[in-house]
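Everything below concerns the one structure shown next.
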């Protein structure tokens with residue numbers, strides 16, 4: 002009877018050790034998966050899978066600012082960096098944070114990037130098209146041109162200094178303001 006008890010304890014001990022080893026492997030795999038999610042998020046944001054250095058941050062935000070709402074991009078970048086570092090993060094936590102970022106990104110109050118003046122980074126009231134084909138707030142682009150710049154704020158050579166009112170964009174911005182204020186009244 003005693004030998005059966007000892008034999009059972011040994012089996013249970015081996016089984017517990019095997020389970021501990023499985024848990025350790027799952028934990029290690031989980032950390033690897035979280036890191037891979039971070040690399041994937043960074044690749045989605047930047048179009049490249051490498052690290053973004055502090056020196057590159059301003060250029061990075063300028064680069065993605067045309068495709069991503071800036072607050073969403075910052076949150077995704079922060080999550081990607083935390084996933085890629087040694088911070089303890091579970092897949093569940095990463096998914097919860099991604100869902101929260103997605104919710105913020107889908108918020109209808111987000112300003113479409115095309116409405117923002119590339120110089121002022123503010124919603125335009127009086128958009129004008131410059132020779133580079135981009136629209137700018139009239140006062141901002143006039144000041145830019147008066148300072149003697151031959152290169153546009155979008156880093157393109159300006160063939161001339163003619164400015165043309167962008168009536169379509171102005172109408173879209175006015176409609177967006179109207180729709181947004183109507184939504185806020187309903188809420």
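In my numbering, the protein residues as written are 2 to 188. Even glycine gets a Cβ: it sits at the ideal position worked out from N, Cα and C.
Helix, strand or coil, according to DSSP, for residue i in the structure here?
i	result
residue 153	coil
residue 82	helix
residue 88	coil
Please name the residue or residues paired with residue i in a DSSP beta bridge.
i	result
residue 137	129
residue 117	124
residue 165	130
residue 158	152
Whole angstroms is fine: what's the gap from residue i's alpha carbon to residue j's?
i	j	result
residue 76	residue 45	13 Å
residue 96	residue 72	18 Å
residue 134	residue 80	35 Å
residue 171	residue 128	6 Å
residue 74	residue 105	11 Å
residue 34	residue 174	42 Å
residue 119	residue 155	8 Å
residue 141	residue 122	10 Å
By the 10 Å Cβ neighbour count, where 16 or more other Cβ atoms means buried, how is residue i classified, buried or exposed?
i	result
residue 39	buried
residue 169	exposed
residue 90	buried
residue 102	buried
residue 115	exposed
residue 138	buried
residue 86	exposed
residue 136	buried
Please determine, among the options, the residue with the shortest C-alpha to C-alpha distance to residue i.
i	options	result
residue 178	105, 147, 145, 126	126
residue 132	123, 153, 173, 34	153
residue 143	43, 82, 97, 164	164
residue 37	161, 84, 129	84
residue 99	145, 160, 42	42
residue 181	146, 112, 78	112
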